[in-house]
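Numbering (my numbering), first residue to last: 16 to 453. Note that the Cβ used here is the ideal one computed from N, Cα and C, for glycine as well. The structure displayed is predicted, hence computed values, not measured ones. Some notes on the structure that comes next.
What follows is the structure, given as structure tokens:
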């Protein structure tokens, strides 16, 4: 069990709360009980928990639901399911991947073959890279295997020409593999970006919108005409599994609180989002998370303009899809025309909290969006003092990561600790080492 929060300086904090030896059956009821025990051991009230991020296993979903917490599935798990629903379920793709795995296995198990391939690579002046074997449960492993196969296409063709017993892909399959590679590229990009410790829950909705734009482009791209049905199935899988995120209350609020996005990527009506913010304010009041009026001004900004030229590529470029979703006005820090006078501060103090949060929302929306590469936490730290009511809400909704990568890292660390040479460690010792390691 890992926890994530923001301190008063809007700096990301994380901790390993519990590493438990789970002896009972992994039912939803038992998972719920262990979740309560973990919070109780640190005296954390349920009102402090905004969101529980989980994987997509049915027992985990049931356990979190029975605990009474709002939960969101791991976004990276979801996009991996989109891949398995469509591309990796195609028979022609399966056959190609089987052939790729066979090639990788051949060179991994035969030092002689590996040495010959390296000699060919040196002779041809290509990269001296070993082939990669994919693992079903590892994110992006099929993509990495395909990428390496395409990188070593010429050396592999040279090797198999001299070794007739070793089968390889034909020209049609190589072409299909290249198209599959470019279709999987957006998922690779999202997996890498959203696995970083600087990723936010607010990145989910913009990522889905960019995916939708990418596959709309792919359907009319000449390079993908020969695999149009496959692209259509992938698009349908994305719509089926990810569209529900676009209307999730917590994701919408998280996106709104991110000064890079605000309402630009929102599918929900603006008034609905504002009502959700007011509800959130009232909920925080009920739990004694008081909102405060503003006492400081915004700092003088430095504005920068971007004039980027869009060039149509042979394949759709996923990173450019973000720009196509909305035309962003960028700014480095705060708006130079935005300030709060002493009279307006006194006026805000005389208003109710509902009125103050409404004023904060309107003032926040007047500010231009910050650049995509800028940190939303740094913006709130430097420029959010004039929007203290909204800043309290942003502090909650920008604390959650978009994926369960931290827990996955914990599993990997546990596997490194509890190995063959240390297989007699007690569960308590493994727990302590895990906690101190992370």
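Which same chain residues, not among the five before or five after residue 192, have their C-beta less than 7 Å away from its C-beta? As a first step, residue 192 must be located in the chain shown, where it is residue number 177. Answer for residue 192: 111, 161, 164, 165 and 184, listed in chain order.
I'd like the list of long-range same chain contacts for residue 441, defined as Cβ closer than 6 Å, with 5 residues on each side in sequence excluded. Locating residue 441 in the chain shown gives position 426, counting from the first residue. Correct list: empty, nothing qualifies.
Between the Cα of residue 206 and those of 126, 95 and 244, spot the shortest distance and give me the residue it belongs to. For the purposes of this step, residue 206 is taken as the residue at position 191 of the chain shown. Looking at the Cα atoms, 95 is the closest of the given residues.
Rounded straight-line distance, which links the Cα of residue 23 to that of residue 117: On the chain shown, residue 117 is found 102 positions in, with the first residue counted as 1. On the chain shown, residue 23 is found 8 positions in, with the first residue counted as 1. Distance between the alpha carbons of residue 117 and residue 23: 54 Å.
Please report how far the alpha carbon of residue 141 lies from the alpha carbon of residue 167, in whole angstroms. On the chain shown, position 126 is the one that residue 141 refers to. On the chain shown, position 152 is the one that residue 167 refers to. About 8 Å.
Apply the 10 Å Cβ neighbour rule to residue 137 and answer buried if 16 or more other Cβ atoms are within range, or exposed otherwise. For the purposes of this step, residue 137 is taken as residue 122 along the chain shown, with counting starting at 1. Under this definition residue 137 is an exposed residue.
Bounding residues of the beta strand (DSSP E) (the contiguous stretch that carries residue 20): Position 5 of the chain shown holds residue 20. Here the beta strand (DSSP E) through residue 20 covers 17-21.
Assigned secondary structure, residue 416 (DSSP; H/G/I helix, E/B strand, else coil): Here residue 416 refers to the residue found at position 401 of the chain shown. The three-state reading of DSSP puts residue 416 in coil, since its state is none of H, G, I, E or B.
Assign residue 121 to one of two classes, buried (16 or more other C-beta atoms within 10 Å of its C-beta) or exposed (fewer than that). To locate residue 121, count along the chain shown from 1; it is residue 106. Counting Cβ neighbours within 10 Å, residue 121 comes out buried, since at least 16 surround it.
Does the beta-carbon of residue 150 have 16 or more other beta-carbons within 10 angstroms, so that it is buried, or is it exposed? The count along the chain shown starts at 1 and reaches residue 150 at position 135. By the 10 Å Cβ count, residue 150 comes out exposed.
I need the boundaries of the beta strand (DSSP E) containing residue 87, first residue and last residue. Position 72 of the chain shown, counted from the start, is the residue given in the question as residue 87. That run of the beta strand (DSSP E) goes 86-88.
Alpha carbon to alpha carbon, how far is residue 287 from residue 269? Stepping through the chain shown from its first residue, residue 287 is reached at position 272. Stepping through the chain shown from its first residue, residue 269 is reached at position 254. Straight-line measurement puts the Cα of residue 269 at about 14 Å from the Cα of residue 287.
Between residue 209 and residue 418, which are expected to be in contact by the criterion C-beta below 8 Å, what is the C-beta distance as a whole number of angstroms? Stepping through the chain shown from its first residue, residue 209 is reached at position 194. Stepping through the chain shown from its first residue, residue 418 is reached at position 403. The Cβ separation is near 5 Å, so the contact holds.
Applying the 10 Å Cβ sphere with the 16-neighbour rule, what's the burial state of residue 319? Locating residue 319 in the chain shown gives position 304, where the first residue counts as 1. Because the pLDDT of residue 319 is 37, which lies under 50, any placement of that residue in the model is unreliable, and the question is left without a value.
Out of curiosity, what's the CA-to-CA distance linking residue 129 and residue 274? Counting from 1 along the chain shown, the entry for residue 129 is found at position 114. Counting from 1 along the chain shown, the entry for residue 274 is found at position 259. Approximately 51 Å, taken between the alpha carbons.
If you check the beta carbons only, do residue 223 and residue 246 fall under 9 Å apart? For the purposes of this step, residue 223 is taken as the residue at position 208 of the chain shown. For the purposes of this step, residue 246 is taken as the residue at position 231 of the chain shown. Contact: no.
Neighbourhood of residue 412 by C-beta distance below 6 Å, restricted to the same chain and skipping five residues each side: Taking the first residue of the chain shown as 1, we reach residue 412 at position 397. Same-chain partners within the cutoff: 268, 269 and 272.
Report the rounded CA-to-CA distance for residue 333 versus residue 340, giving the unit in angstroms. Along the chain shown, one-based indexing puts residue 333 at 318. Along the chain shown, one-based indexing puts residue 340 at 325. Rounded to the nearest angstrom, the two C-alpha atoms are 11 Å apart.
Can you tell me whether residue 404 is buried or exposed? The criterion is at least 16 other CB atoms within 10 Å of its CB, across all chains shown. Your numbering for residue 404 matches position 389 in the chain shown. Buried, by the Cβ-count rule.
Check whether the Cβ atoms of residue 16 and residue 53 lie closer than 9 Å to each other. Along the chain shown, one-based indexing puts residue 16 at 1. Along the chain shown, one-based indexing puts residue 53 at 38. Cβ atoms of residue 16 and residue 53: closer than 9 Å.
With which residues is residue 28 paired in a DSSP beta bridge? On the chain shown, position 13 is the one that residue 28 refers to. Looking at the DSSP assignment, residue 28 forms a beta bridge with 20.
Given that a residue counts as buried once 16 or more other Cβ atoms are within 10 Å of its Cβ, and exposed if not, what is residue 281? What you label residue 281 is simply residue 266 of the chain shown in a count that begins at 1. Buried.
By DSSP, does residue 68 sit in helix, in strand, or in coil? Stepping through the chain shown from its first residue, residue 68 is reached at position 53. Reduced to three states, the DSSP call for residue 68 is strand.
Would residue 391 pass as a contact of residue 215 if the rule is Cβ separation under 9 Å? What you label residue 391 is simply residue 376 of the chain shown in a count that begins at 1. What you label residue 215 is simply residue 200 of the chain shown in a count that begins at 1. The Cβ atoms of residue 391 and residue 215 lie closer than 9 Å to each other.
Straight-line gap, residue 70 to residue 173 (C-alpha atoms, nearest Å): Here the question's residue 70 lines up with position 55 in the chain shown. Here the question's residue 173 lines up with position 158 in the chain shown. Linking residue 70 to residue 173 through their CA atoms gives a straight-line distance of about 44 Å.
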